[in-house]
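Trainee:
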Amino acid sequence: MGQILKLQFRSKGMEMSKTAHPTTWAVSSTSFHPPQFQYTLDNDVLSLEQRKFYEENGFLVIKNLVSDDDITRFRNQFQRICKQEVKHEGMMIMRDVSTEKSKFIPSEELITKVQNFHQDEELFRYCTLPEILKYVECFTGPNIMVVHTMMINKPPDSGKKTTRHPFHQDLHYFPFRPSNRIVAAWTAMEQVNRNNGCLSVLPGTHKGCLKPHSYPQWEGGVNIMYYGIEGYDENSPRVHLEMEKGDTVFFHPLLIHGSGWNKSQGYRKAISCHFASADCHYIDVKGTSQESFEKDILETLHKVYGFPEDASLKDIYRLNVQLVKGERINL
Ligand SMILES: O=C(O)CCC(=O)C(=O)O
Numbered sequence: 001m002g003q004i005l006k007l008q009f010r011s012k013g014m015e016m017s018k019t020a021h022p023t024t025w026a027v028s029s030t031s032f033h034p035p036q037f038q039y040t041l042d043n044d045v046l047s048l049e050q051r052k053f054y055e056e057n058g059f060l061v062i063k064n065l066v067s068d069d070d071i072t073r074f075r076n077q078f079q080r081i082c083k084q085e086v087k088h089e090g091m092m093i094m095r096d097v098s099t100e101k102s103k104f105i106p107s108e109e110l111i112t113k114v115q116n117f118h119q120d121e122e123l124f125r126y127c128t129l130p131e132i133l134k135y136v137e138c139f140t141g142p143n144i145m146v147v148h149t150m151m152i153n154k155p156p157d158s159g160k161k162t163t164r165h166p167f168h169q170d171l172h173y174f175p176f177r178p179s180n181r182i183v184a185a186w187t188a189m190e191q192v193n194r195n196n197g198c199l200s201v202l203p204g205t206h207k208g209c210l211k212p213h214s215y216p217q218w219e220g221g222v223n224i225m226y227y228g229i230e231g232y233d234e235n236s237p238r239v240h241l242e243m244e245k246g247d248t249v250f251f252h253p254l255l256i257h258g259s260g261w262n263k264s265q266g267y268r269k270a271i272s273c274h275f276a277s278a279d280c281h282y283i284d285v286k287g288t289s290q291e292s293f294e295k296d297i298l299e300t301l302h303k304v305y306g307f308p309e310d311a312s313l314k315d316i317y318r319l320n321v322q323l324v325k326g327e328r329i330n331l
């Protein structure tokens, strides 16, 4: 996540093409003969080709899904938040480990991520955009909860490569299941490419299981809550998701992904939300590989806000998840 600057806890399309990128990224969907679809639900939004692509690869890019006007609004609101003109309960403001000791000036140069923006009407609009929810429903079904939100502002790297995001599975952070009914939406707010640290994914890894995560031993340090898969093979074949402004990738929470360091002089911006079916159920992560994350986040919340030490990861989520479509059931 990055160095926490401020963490206030709530204690109480323009769709031009529906085609994924199997050819652009040379990831095959041709040899696929599923007995049945597991990762996508029946509806008439996804083409057969798109369904097969997601089933086989665990991600799907929809070109030009979010409009320029919406992206401008998100960008403007992010600036207001950075300048501290807007503050919200429950929102986490993070900075990069390489600048954590420098004097804080409220500006977008020092803020790498705004997390849990559920209370911010303007940014939260992203999670309610009909063009986003239309696709989300293909993975979650009709009862949709927002479980996690982020606006990421990957800064130019200082040379220490701290702006990298280690390869990980998002399910490590989630105390609910089943994983197939959870999906991330991640929208590029400008052109993203290998130079400014686009997302990279390991196609097909959503078919595996949740792997143990820990902090990578990087020379320049690693951002808080940026867990990586233990023993990750740096030479694993990966696909770099180079995307244009407004393009949106939907991906499975077991898909192994990360992002490179930002070699450019610009701030690489993206907005993202994780959705889950309201039918998902909470699990207790004690005794599992997720326990270290639970401990980490509870320690932080306890230190900063006096959040009860004996609370659980699901208590944190229960306070934050929000219904955006259909009916609230288990979560
Ligand atoms: O936007 C990025 O650079 C990576 C985001 C990501 O994978 C995450 O925060 O889980």
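Residue 260 in UniProt numbering is what sits at position 260 of the sequence shown, and the numbering runs on without skipping anything.
Built from N, CA and C at the ideal position, the CB exists for glycine as well.
Fair warning: this is a prediction, and the values are worked out from it, not measured in the lab.
Ordered along the chain, which non-local residues of its own chain (more than five positions away) have a Cβ less than 7 Å from that of N116?
Mentor: If you number the sequence shown from 1, residue 116 lands on position 116. Within the same chain, N116 has close Cβ partners G90, M91, M92, T149 and N320.
Trainee: Under a three-way DSSP split, which group does R73 fall into?
Mentor: As a working note, residue 73 is residue 73 in the sequence shown. Three-state DSSP puts R73 in a helix.
Trainee: Using 8 Å as the Cβ pair cut-off and three pairs as the minimum, do the segment 281-299 and the segment 189-199 touch?
Mentor: Output reads no: the segment 189-199 does not touch the segment 281-299.
Trainee: Compute the distance between the beta-carbons of Y126 and C273, then report whether it is under 8 Å.
Mentor: The sequence position of residue 126 within the sequence shown is 126, counting from 1. The sequence position of residue 273 within the sequence shown is 273, counting from 1. The Cβ atoms of Y126 and C273 sit closer than 8 Å to each other.
Trainee: Cα separation between C198 and N76?
Mentor: Mapped onto the sequence shown, residue 198 falls at position 198. Mapped onto the sequence shown, residue 76 falls at position 76. If I take the Cα positions, the gap works out to 22 Å.
Trainee: Mapping the DSSP letters down to three states, classify H88 as helix, strand or coil.
Mentor: By one-based count along the sequence shown, residue 88 stands at place 88. If DSSP states are grouped into helix, strand and coil, H88 belongs with coil.
Trainee: Pick from L313, E309, I283 and D279: whose alpha carbon is nearest that of M145?
Mentor: Taking the sequence shown and counting its residues from 1, the one referred to as residue 145 is at position 145. Out of L313, E309, I283 and D279, D279 has the C-alpha closest to the C-alpha of M145.
Trainee: F59 and F251: beta carbons closer than 8 Å?
Mentor: Along the sequence shown, read from residue 1 onward, the residue named residue 59 stands at position 59. Along the sequence shown, read from residue 1 onward, the residue named residue 251 stands at position 251. Their beta carbons are under 8 Å apart, which means F59 touches F251 by this criterion.
Trainee: Let's test the definition: count the other Cβ atoms within 10 Å of the Cβ of E56 and tell me whether it reaches 16, buried, or not, exposed.
Mentor: Start at 1 with the first residue of the sequence shown, and residue 56 comes out as number 56. By the 10 Å Cβ count, E56 comes out buried.
Trainee: Could you tell me the alpha carbon to alpha carbon distance between I283 and N180, rounded to whole angstroms?
Mentor: Here residue 283 refers to the residue found at position 283 of the sequence shown. Here residue 180 refers to the residue found at position 180 of the sequence shown. Those two C-alpha atoms are separated by around 15 Å.
Trainee: What are the boundary residues of the alpha helix (DSSP H) that I297 is part of?
Mentor: Position 297 of the sequence shown, counted from the start, is the residue given in the question as residue 297. Here the alpha helix (DSSP H) through I297 covers E291 to Y305.
Trainee: For I224, is the beta carbon positioned less than 7 Å from some heavy atom of ligand 1?
Mentor: Numbered from 1 along the sequence shown, position 224 holds the residue referred to as residue 224. No - ligand 1 has no heavy atom lying nearer than 7 Å to the Cβ of I224.
Trainee: Our contact map puts L331 next to F176 with C-beta atoms below 8 Å; I'd like the distance itself, whole angstroms only.
Mentor: Here the question's residue 331 lines up with position 331 in the sequence shown. Here the question's residue 176 lines up with position 176 in the sequence shown. Between L331 and F176 the beta-carbon gap is near 6 Å, inside 8 Å, which marks them as a contact.
Trainee: Opposite G228 in the DSSP bridges: which residues?
Mentor: On the sequence shown, residue 228 is found 228 positions in, with the first residue counted as 1. According to DSSP, which records beta bridges pairwise, G228 is partnered with S214.
Trainee: Inspect the beta-carbon positions of S277 and N153 and report whether they are closer than 8 Å.
Mentor: In the sequence shown, counting from the first residue as 1, residue 277 sits at position 277. In the sequence shown, counting from the first residue as 1, residue 153 sits at position 153. It is not a contact, given that the beta carbons lie outside the stated cut-off.
Trainee: At a cut-off of 7 Å, is S264 close to ligand 1 when judged by its beta-carbon and the heavy atoms of the ligand?
Mentor: Translated into positions along the sequence shown, residue 264 becomes position 264. No, the beta carbon of S264 sits no closer than 7 Å to any heavy atom of ligand 1.
Trainee: Considering only the alpha carbon of each residue, which of S214, V222 and V45 lies closest to T162?
Mentor: Working through the sequence shown from its first residue, we reach residue 162 at position 162. For T162, the nearest C-alpha among the options comes from V222.
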